[in-house]
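J.: In UniProt numbering, the protein residues as written are 1 to 564. The beta carbon of each residue, even a glycine, is placed where N, CA and C say it ideally should be. Just so it is clear, the structure is predicted and the values come from calculations on it, not from any experiment. Questions regarding the structure given below will be posed in turn.
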Amino acid sequence: MATILSLKGVSKSYKGQNGGVTQVLDGIDLDVEEGEFIAILGFSGAGKTTLISSIAGLIEPDAGDILLHGKQIDGPDKDRGLVFQSYSLFPWLTVEKNVALAVDAVHKDRSKQDRAALVKQKIELVGLGHAMDRKPAQLSGGMRQRVSVARALAMEPEILLLDEPLSALDALTRSKLQDEIERIRKEEKRTIILVTNDVDEALLLADRVAILTPAPAATIGRIFDVDVPRPRDREAVNDDHHFQSLRKQIVAYLGKLNEQGSSVGESSVELPEVVPLDLFAGKEAELPAAYTQAAKSAVERRYMEFYKLHKVYPTPKGPLTVVEDFNLLMDKGEFISLIGHSGCGKSTVLTMAAGLNEISKGGIILDNREVDVAGPDKAVVFQAPSLMPWLTARQNVALGVERVYPHASKAERRDIVDYYLDRVGLADAKEKMAAEMSNGMRQRVGIARAFALSPRLLLLDEPFGMLDSLTRWDLQDVLVETWNRTKVTAIMVTHDVDEAILLADRVVMMTNGPQATIGKILKVDLPRPRDRKALLDHPKFYQYRQEVLHFLAEYDHGPAAKAA
1 MATILSLKGV SKSYKGQNGG VTQVLDGIDL DVEEGEFIAI LGFSGAGKTT LISSIAGLIE
61 PDAGDILLHG KQIDGPDKDR GLVFQSYSLF PWLTVEKNVA LAVDAVHKDR SKQDRAALVK
121 QKIELVGLGH AMDRKPAQLS GGMRQRVSVA RALAMEPEIL LLDEPLSALD ALTRSKLQDE
181 IERIRKEEKR TIILVTNDVD EALLLADRVA ILTPAPAATI GRIFDVDVPR PRDREAVNDD
241 HHFQSLRKQI VAYLGKLNEQ GSSVGESSVE LPEVVPLDLF AGKEAELPAA YTQAAKSAVE
301 RRYMEFYKLH KVYPTPKGPL TVVEDFNLLM DKGEFISLIG HSGCGKSTVL TMAAGLNEIS
361 KGGIILDNRE VDVAGPDKAV VFQAPSLMPW LTARQNVALG VERVYPHASK AERRDIVDYY
421 LDRVGLADAK EKMAAEMSNG MRQRVGIARA FALSPRLLLL DEPFGMLDSL TRWDLQDVLV
481 ETWNRTKVTA IMVTHDVDEA ILLADRVVMM TNGPQATIGK ILKVDLPRPR DRKALLDHPK
541 FYQYRQEVLH FLAEYDHGPA AKAA
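What follows is the structure, encoded as structure tokens:
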């Protein structure tokens, strides 16, 4: 194969408002062969978008050359089609007209009939032939991203550039779009460069994986050849020893890049020996008769119970049962991962457990008390960091601490706040305003705030879903380390199979909604404390992974799949 694209010593820096200069890219060298699929794997802030924008001609490098067929590129052109992370569609135009805009702009030499035929062909190629007359507001996130891919393909570029186009999508929609990209690669035979922070995505799609070193002054640290035979089925490759070996190598290399920046913190502050005030003392509701009857069984450890839990929402077409007959017993100090496709009711179950969502039928019992109202005894960490942006990290955590420890001294409350902020790696950022923090730092504050409440129950609703892999791994380590100390009873909603296994004592898998319920429960018999590297070498890890992947593949259909 001939070389279609060459990057030689590409560097780029930016000047900040205070006059300081940040070197983003530093001497990027890469040759891409015609028809090759390259995945550029890196972490937030490593310069992935700067690199892909430079290739697209949207950013001019400070130094180095970007050569297409041996000639220096000069700004954007139709030979390079770019799909952004955000959809970038005109909301008032239909799918057909959004794609036609690009076609009319770059194919002016073709007849109106030929342009219309090209628009139709590319829309059908991404599986949206039935939705040509719909506007973006009538489409799911996955469908909108397909429109963006169709628009890029309709330019008939020599190179298709994909800048994390799937990162904002749920796991099911993401897998559907990955399959779509693979089909396009096979049918269109185009050269594709994909920017991603997902190791599995890179291994499923690419011929080679180029890894960017962390910022600043990012460069290509290492390139891995993905010599796993095609077609690559995400469930089948899990059993492939060569795939496992390659995956371990990449994860180990990424872990090595991260070693110097690990931020699981120690604390110089001693945690005070004070217990939180029970804000609901004396307000116990009478337990349901059905629960009292069931409690007469031989089960001794019944710290938390979901008993015939239902959630029904009214709709114009009648009642819609989202969750049906959800039954689960949990021991004190147990960590449960809740996994399933979008729309299966995971977050609905979590919000009912938090007392934030009314229970339609059945009940939830926590520590012999019915859950019917929200409170600090049930700490929640949401996907989006919910902080007061005008307050510092310390002030955000102190809000909850002051409520549940009103009987403690001011010094004791301050020590509690400082202890947990130190633990999550924010020892040097306690006085930083939330508005000035990255998403990863804000989420650390959210985790510190949750643990500082000393809750009976910790609820985590995809707390790392918006973060890149490096930050995600880092915060998983923070969560594991802090949980190891507290052993708080915890439930975590996640789409990430590895995350579910790493953190949990049991993985609870939910069937597709509506009328979602528990489909399978997997006991994770792995020693604690758990280490990511050791986990990948454990003989049971890929067996557990396969069980969860197989379950998700079985339920890869229904309303959620069709909407993707």
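1. Expressed to the nearest angstrom, what Euclidean distance is found between the alpha-carbon atoms of ALA452 and ALA379?
2. Suppose you measure from the CA of ARG247 to the CA of VAL199; what does that come to, to the nearest Å?
3. Could you have a look at HIS310 and say whether DSSP puts it in helix, strand or coil?
4. Taking 8 Å as the threshold, find out whether the segment 412-432 comes into contact with the segment 368-385 through three or more Cβ pairs.
5. Classify MET492 as helix, strand or coil using the three-state DSSP reduction.
6. Let me know if ALA564 comes out buried or exposed under the rule of 16 or more other beta-carbons within 10 Å of its beta-carbon.
7. So for LEU125, helix, strand or coil by DSSP?
8. I need the DSSP call for ASP225, collapsed to helix, strand or coil.
9. Answer yes or no: does any C-beta atom of chain D fall closer than 8 Å to that of GLN72?
10. Going by the CB atoms, is the gap between ASP461 and PHE382 shorter than 8 Å?
11. Going by DSSP, what residue range makes up the alpha helix (DSSP H) through PHE451?
12. DSSP puts GLY333 in a beta bridge; with which residues?
13. Quickly, what does DSSP pair LYS410 with across the bridge? List them, please.
14. Quick check on this structure: which residue in GLU182, LEU25, ALA39 has the alpha carbon closest to the alpha carbon of PRO61?
15. Output yes or no for whether 8 Å exceeds the beta carbon distance between ARG80 and LEU161.
16. If distances are taken between C-alpha atoms only, which option among ASN439, LEU82, ARG485 comes closest to PRO463?
17. Taking the beta carbon of PHE90 as the centre, do at least 16 other beta carbons fall within 10 Å, making it buried, or is it exposed?
18. So, for LEU166: in the same chain, excluding its five sequence neighbours on each side, which residues have a beta-carbon less than 6 Å away from its beta-carbon?
19. Using three-state DSSP, classify LEU5 as helix, strand or coil.
20. With hydrogens ignored, establish whether the beta-carbon of VAL149 is closer than 7 Å to any heavy atom of the ligand FMN.
21. Buried or exposed: where does residue 591 fall if 16 or more other Cβ atoms within 10 Å of its Cβ makes it buried?
22. Helix, strand or coil for SER386, going by three-state DSSP, please let me know.
23. Would you list the residues sitting across from LEU366 in a DSSP beta bridge?
24. So, are the CB atoms of LEU503 and SER342 less than 8 Å apart?
25. Roughly how far, in whole angstroms, is the beta-carbon of ARG394 from the beta-carbon of VAL417, given that I think they are within contact range, below 8 Å?
26. I believe ILE184 touches LEU254 by the beta-carbon criterion, under 8 Å. Please report the beta-carbon distance rounded to the nearest angstrom.
27. Could you say if the segment 201-221 and the segment 35-43 meet the contact criterion of at least three C-beta pairs nearer than 8 Å?
28. Considering only residues of the same chain and omitting the five flanking positions on each side of PRO288, which have a CB-CB separation below 8 Å?
29. Classify ALA285 as buried or exposed, calling it buried when 16 or more other Cβ atoms lie within 10 Å of its own Cβ.
30. How many whole angstroms separate the CB atoms of PRO529 and VAL480, which I take to be in contact at a CB cut-off of 8 Å?
31. Cβ of VAL99 within 8 Å of Cβ of VAL147?
32. Measuring only the C-alpha atoms, how far is GLY345 from ALA448?
33. By how many angstroms is the C-alpha of ALA137 removed from the C-alpha of HIS107?
34. So, for ASP367: in the same chain, excluding its five sequence neighbours on each side, which residues have a beta-carbon less than 7 Å away from its beta-carbon?
35. Opposite MET433 in the DSSP bridges: which residues?
36. At 4 residues or longer, what runs of the alpha helix (DSSP H) sit wholly inside the segment 152-205?
T.: According to the structure shown:
1. 9 Å
2. 8 Å
3. strand
4. no
5. strand
6. Because ALA564 carries a pLDDT of 44, less than 50, the predicted location of this residue cannot be relied on, and no value is offered for it.
7. helix
8. strand
9. No chain D is present in this structure, which holds just one protein chain.
10. yes
11. 439-452
12. Partner(s): none; GLY333 has no beta bridge.
13. According to DSSP, LYS410 bridges with nothing at all.
14. LEU25
15. yes
16. ASN439
17. exposed
18. ARG174, LEU177
19. strand
20. In the structure shown, the ligand FMN is absent, as is every other ligand, since no ligand is present at all.
21. Past the boundaries of the shown model lies residue 591; the chain is included only from 1 to 564, so the question cannot be answered.
22. coil
23. MET304, ARG369
24. no
25. 6 Å
26. Not confirmed; about 27 Å, so no contact.
27. yes
28. At PRO288 the pLDDT is 46, less than 50, meaning the model places this residue with poor confidence; the figure from the coordinates comes in the next sentence. Only TYR307, GLY363, GLU370 meet the Cβ criterion.
29. Unreliable positioning characterises ALA285 in this predicted model, as indicated by a pLDDT of 43, which lies under 50. The coordinate reading is nonetheless provided below. Counting Cβ neighbours within 10 Å, ALA285 comes out exposed, since fewer than 16 surround it.
30. 7 Å
31. yes
32. 27 Å
33. 28 Å
34. TYR303, ARG456
35. THR392
36. 171-188, 199-205
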